[in-house]
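Asker:
Residue numbers (the working numbering): 1 to 488.
#1: If you follow the alpha helix (DSSP H) that residue 201 is in, where does it begin and where does it stop?
#2: So what does DSSP say about residue 479, is it helix, strand or coil?
#3: Which ranges would you report for the beta strand (DSSP E) in the segment 83–140 if only whole runs of at least 3 residues count?
#4: Would you kindly work out how many angstroms separate the C-alpha atoms of residue 142 and residue 128, rounded to a whole number?
#5: Helix, strand or coil for residue 302 per DSSP?
#6: At the level of alpha carbons, what is the spacing between residue 376 and residue 57?
#7: Roughly how many angstroms lie between the CA atoms of residue 240 and residue 420, to the nearest whole one?
#8: Give the range of the alpha helix (DSSP H) segment to which residue 458 is assigned.
#9: Take the Cβ of residue 300 as the centre, count every other Cβ of all protein chains shown within 10 Å, and call the residue buried at 16 or more, exposed below.
#10: Look up residue 377 in the DSSP assignment and give the residues it is bridged to.
#11: If you measure between the beta carbons of residue 323 and residue 440, is that distance less than 9 Å?
#12: Rounded to whole angstroms, what is the Cα-Cα separation between residue 434 and residue 80?
#13: Would you mind giving the Cβ-Cβ distance between residue 366 and residue 71, rounded to the nearest angstrom? I have them listed as a contact below 8 Å.
#14: Between the Cα of residue 363 and those of 252, 407, 316, 69, spot the shortest distance and give me the residue it belongs to.
#15: Using 8 Å for Cβ pairs, my map puts residue 86 next to residue 123. What's the rounded Cβ distance?
#16: Does the beta-carbon distance from residue 428 to residue 391 come in below 9 Å?
#17: On a Cα-Cα basis, can you pick out the residue from 243, 125, 253 that is closest to residue 445?
#18: Below 8 Å CB to CB, which residues in the same chain sit around residue 397 once its five sequence neighbours on both sides are set aside?
#19: Looking at the secondary structure, which residues open and close the alpha helix (DSSP H) in which residue 323 lies?
#20: According to DSSP, is residue 409 helix, strand or coil?
#21: If you draw a straight line from the alpha carbon of residue 368 to that of residue 272, how long is it in whole angstroms?
#22: So the candidates are 120, 389, 265, 83; which of them puts its Cα closest to the Cα of residue 130?
#23: Taking all protein chains shown into account, decide if residue 432 is buried (16 or more other Cβ within 10 angstroms of its Cβ) or exposed.
#24: Helix, strand or coil for residue 196 per DSSP?
#25: Taking the C-alpha atoms as reference points, what is the distance between residue 29 and residue 21?
#26: So, with DSSP's three-state summary, where would you put residue 394?
#27: Looking at the unbroken alpha helix (DSSP H) that takes in residue 267, where does it start and where does it end?
#28: Give me, in chain order, the residues of the same chain whose beta-carbon lies closer than 7 Å to that of residue 165; leave out the 5 immediate sequence neighbours on both sides.
#29: Mind checking residue 3: buried by the 16 CB within 10 Å criterion, or exposed?
#30: Relative to the C-alpha of residue 107, which candidate in 48, 379, 267 has its C-alpha closest?
#31: What is the residue span of the alpha helix (DSSP H) that residue 426 lies within?
#32: Here's the rule: buried if 16 or more other CB atoms are within 10 angstroms of the residue's CB, otherwise exposed. What is residue 307?
#33: Does residue 271 come out as helix, strand or coil in the three-state DSSP assignment?
#34: What's the gap between the Cα of residue 430 and the Cα of residue 45?
#35: Going by the beta-carbon positions, is the gap between residue 374 and residue 388 smaller than 9 Å?
#36: From residue 148 to residue 230, what distance separates their C-alpha atoms?
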């Protein structure tokens with residue numbers, strides 16, 4: 001990994017290629033593990049820290065900081081040695097994992113998740129940048145990853161990561177504007193309807209602050225041009241913009257079941273953390289299989305677009321079925337075939353501009369993590385609001401009784417309900433079921449929107465018959481470039 005990306009992909013020997021991929025996959029596996037394994041760990045964490053109201057933060061903080069620092073990590077990777085930026089972000093990720101593993105309070109755990117996410121932002125984008133630099137476009141499609149692991153206690157979800165593993169042009173002002181704006185919108189979405197009313201001064205102030213700082217950020221990025229943290233030139237083409245939009249809504253819809261299905265298994269069906277892992281396996285196995293099959297077929301069929309439609313359609317149907325869950329429902333299936341393709345389509349669009357690939361990859365990951373964080377925050381707010389409503393209306397609980405259940409944690413609610421009001425335990429379980437299944441309406445709408453967005457992305461052969469044919473050709477057919485400049 002040199003100080004700056006090469007001008008074109010330089011194919012290397014198979015042994016060296018797969019050795020590099022193996023190392024990158026281990027690190028990326030750990031990053032992905034922190035995204036998924038927290039879902040099973042949330043119930044025991046909420047019991048130990050007595051913080052059911054912080055459940056939304058446990059899931060959203062990690063992708064939030066990954067999102068906020070994604071543009072900066074991409075810019076660093078395009079300016080400084082990929083080797084050292086990659087290692088630096090990985091060390092930060094390990095530090096965050098250590099903080100989570102030894103956390104003695106909910107606040108300390110959330111801080112650890114934030115630090116780990118900050119480090120993960122550079123590990124994922126840096127690894128993908130390395131792959132883009134050492135492979136050809138035809139080799140990109142089959143390169144995927146994904147796994148599920150089991151744990152003994154929730155702390156090992158984070159401790160196991162430990163053994164495994166030019167300033168003026170950095171646009172620091174852009175970074176200083178972008179990060180606070182993301183934090184403000186996330187706080188507004190997290191607090192609105194739960195800790196504060198949507199029309200409260202706090203929530204409205206956060207929304208106004210987000211709009212103001214984001215406007216200044218966009219103006220500044222336009223002023224910085226090629227030296228911007230997110231160069232505007234990368235966002236001017238229809239293919240790139242729609243790929244980013246698809247990444248946002250699809251990933252946001254994808255993570256809701258990942259976080260809330262284990263909650264449903266453990267709360268409604270009283271499954272242990274280990275049992276909830278087993279019940280989730282049909283969905284996870286189909287997601288991994290779908291990613292493998294779609295990657296291989298995309299390479300052979302030379303088009304990425306069909307998998308955007310297939311993936312979003314399957315996701316919409318699956319989430320629609322999740323909304324019908326009752327106390328007696330069983331495990332389900334899933335199919336993951338679309339999450340990787342926005343990354344591949346943007347890399348294809350920039351195959352003649354490899355120096356912009358790290359920033360472009362970081363921008364796609366930014367939209368994915370931002371979508372994940374936003375939808376998780378909204379989902380957490382929906383869950384908290386609907387749960388309080390269901391406990392009051394369906395279980396006829398008073399305010400103090402509702403707060404008692406929330407303080408007990410999601411796994412501890414059965415024990416508390418059985419002791420305090422045993423005659424209403426069945427209604428309490430149904431209330432939790434209704435609250436969780438209501439959340440699934442959010443990804444139903446999101447995945448349906450992703451299907452619509454996919455229809456606007458140009459169809460382009462990844463192996464064009466003529467050397468100059470690529471994604472840009474599809475856009476040139478719609479609008480001629482009078483100045484002769486290529487727009488991606």
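Note that beta-carbon positions come from the ideal geometry of N, C-alpha and C, so glycine has one too.
Answerer: Inspection of the coordinates gives the following:
#1: Taking the chain shown and counting its residues from 1, the one referred to as residue 201 is at position 201. Counting along the chain, the alpha helix (DSSP H) containing residue 201 begins and ends at 201–224.
#2: For this step, residue 479 is matched to residue 479 along the chain shown. Low confidence applies to residue 479: its pLDDT is 46, below 50, so where it sits in the model is not reliable, and the reading given next is rough at best. It is coil, neither helix nor strand.
#3: Contiguous beta strand (DSSP E) elements confined to the segment 83–140 do not occur, taking only those with 3 or more residues.
#4: Your numbering for residue 142 matches position 142 in the chain shown. Your numbering for residue 128 matches position 128 in the chain shown. Any answer about residue 142 is weak, because its pLDDT of 43 lies below 50 and its placement is not dependable; what the coordinates show is given next. Taking the straight line from one Cα to the other gives about 13 Å.
#5: Within the chain shown, residue 302 is the residue found at index 302, counting from 1. Coil, per DSSP.
#6: Stepping through the chain shown from its first residue, residue 376 is reached at position 376. Stepping through the chain shown from its first residue, residue 57 is reached at position 57. Taking the straight line joining both Cα atoms gives about 9 Å.
#7: Here residue 240 refers to the residue found at position 240 when the chain shown is read from its first residue. Here residue 420 refers to the residue found at position 420 when the chain shown is read from its first residue. Near 56 Å, if we compare the C-alpha coordinates of residue 420 and residue 240.
#8: Numbered from its first residue, the chain shown carries residue 458 at position 458. Where residue 458 is concerned, there is no enclosing alpha helix (DSSP H), given that its DSSP letter is neither H nor E.
#9: The residue labelled residue 300 in the question sits at position 300 within the chain shown. The residue is exposed, with fewer than 16 neighbouring Cβ atoms inside 10 Å.
#10: Within the chain shown, numbered from 1, the residue matching residue 377 stands at position 377. Bridge partners of residue 377: none, in fact.
#11: The sequence position of residue 323 within the chain shown is 323, counting from 1. The sequence position of residue 440 within the chain shown is 440, counting from 1. Yes, these two residues count as a Cβ contact at 9 Å.
#12: Counted from its first residue, the chain shown places residue 434 at position 434. Counted from its first residue, the chain shown places residue 80 at position 80. If you take the alpha carbons of residue 434 and residue 80, they lie about 50 Å apart.
#13: The count along the chain shown starts at 1 and reaches residue 366 at position 366. The count along the chain shown starts at 1 and reaches residue 71 at position 71. Contact flag correct, Cβ pair sits at about 6 Å.
#14: Within the chain shown, the letter at position 363 stands for residue 363. Among 252, 407, 316, 69, the Cα nearest to that of residue 363 belongs to 69.
#15: Your numbering for residue 86 matches position 86 in the chain shown. Your numbering for residue 123 matches position 123 in the chain shown. Correct: roughly 7 Å between the Cβ atoms.
#16: Start at 1 with the first residue of the chain shown, and residue 428 comes out as number 428. Start at 1 with the first residue of the chain shown, and residue 391 comes out as number 391. Going by C-beta atoms, residue 428 is nearer than 9 Å to residue 391.
#17: By 1-based counting over the chain shown, the position of residue 445 is 445. Ranking 243, 125, 253 by Cα distance to residue 445 puts 253 first.
#18: Residue numbering aside, residue 397 sits at position 397 when the chain shown is read from its first letter. Cβ within range, chain order: 391, 405, 421, 424, 428.
#19: One-based indexing of the chain shown puts residue 323 at position 323. It is not in any alpha helix (DSSP H) - residue 323 carries neither H nor E in the DSSP assignment.
#20: Your numbering for residue 409 matches position 409 in the chain shown. Here residue 409 sits in coil by DSSP.
#21: Your numbering for residue 368 matches position 368 in the chain shown. Your numbering for residue 272 matches position 272 in the chain shown. Distance between the alpha carbons of residue 368 and residue 272: 31 Å.
#22: By one-based count along the chain shown, residue 130 stands at place 130. Closest by alpha carbon: 83.
#23: For the purposes of this step, residue 432 is taken as residue 432 along the chain shown, with counting starting at 1. It is buried - the Cβ of residue 432 has at least 16 other Cβ atoms within 10 Å.
#24: Along the chain shown, read from residue 1 onward, the residue named residue 196 stands at position 196. Residue state, collapsed to three classes: strand.
#25: On the chain shown, residue 29 is found 29 positions in, with the first residue counted as 1. On the chain shown, residue 21 is found 21 positions in, with the first residue counted as 1. Computed Cα separation, rounded: 12 Å.
#26: Here the question's residue 394 lines up with position 394 in the chain shown. The answer is coil: DSSP assigns residue 394 none of H, G, I, E or B.
#27: Taking the first residue of the chain shown as position 1, residue 267 is located at position 267. 238–267 is the span of the alpha helix (DSSP H), which, as asked, contains residue 267.
#28: For the purposes of this step, residue 165 is taken as the residue at position 165 of the chain shown. Confidence is the limiting factor: at residue 165 the pLDDT is only 46, short of 50, which leaves the residue's position unreliable, though a coordinate-based value still follows. Answer for residue 165: 27, 30, 90, 94, listed in chain order.
#29: As a working mapping, residue 3 is identified with position 3 in the chain shown. Note that residue 3 scores a pLDDT of 41, beneath 50, so its modelled location is shaky and nothing firm can be said.
#30: What you label residue 107 is simply residue 107 of the chain shown in a count that begins at 1. Of the listed residues, the one whose Cα sits closest to residue 107 is 48.
#31: Locating residue 426 in the chain shown gives position 426, counting from the first residue. Where residue 426 is concerned, the enclosing alpha helix (DSSP H) stretches over 425–439.
#32: On the chain shown, residue 307 is found 307 positions in, with the first residue counted as 1. That one is buried.
#33: Your numbering for residue 271 matches position 271 in the chain shown. Correct three-state label for residue 271: coil.
#34: For the purposes of this step, residue 430 is identified with residue 430 of the chain shown, where counting begins at 1. For the purposes of this step, residue 45 is identified with residue 45 of the chain shown, where counting begins at 1. Straight-line Cα distance between these residues: approximately 22 Å.
#35: For this step, residue 374 is matched to residue 374 along the chain shown. For this step, residue 388 is matched to residue 388 along the chain shown. Not closer than 9 Å, so no.
#36: For the purposes of this step, residue 148 is taken as residue 148 along the chain shown, with counting starting at 1. For the purposes of this step, residue 230 is taken as residue 230 along the chain shown, with counting starting at 1. With a pLDDT of 31 at residue 148, under the threshold of 50, the modelled position of this residue cannot be trusted; read the value that follows with caution. Going from the Cα of residue 148 to the Cα of residue 230 covers about 33 Å.
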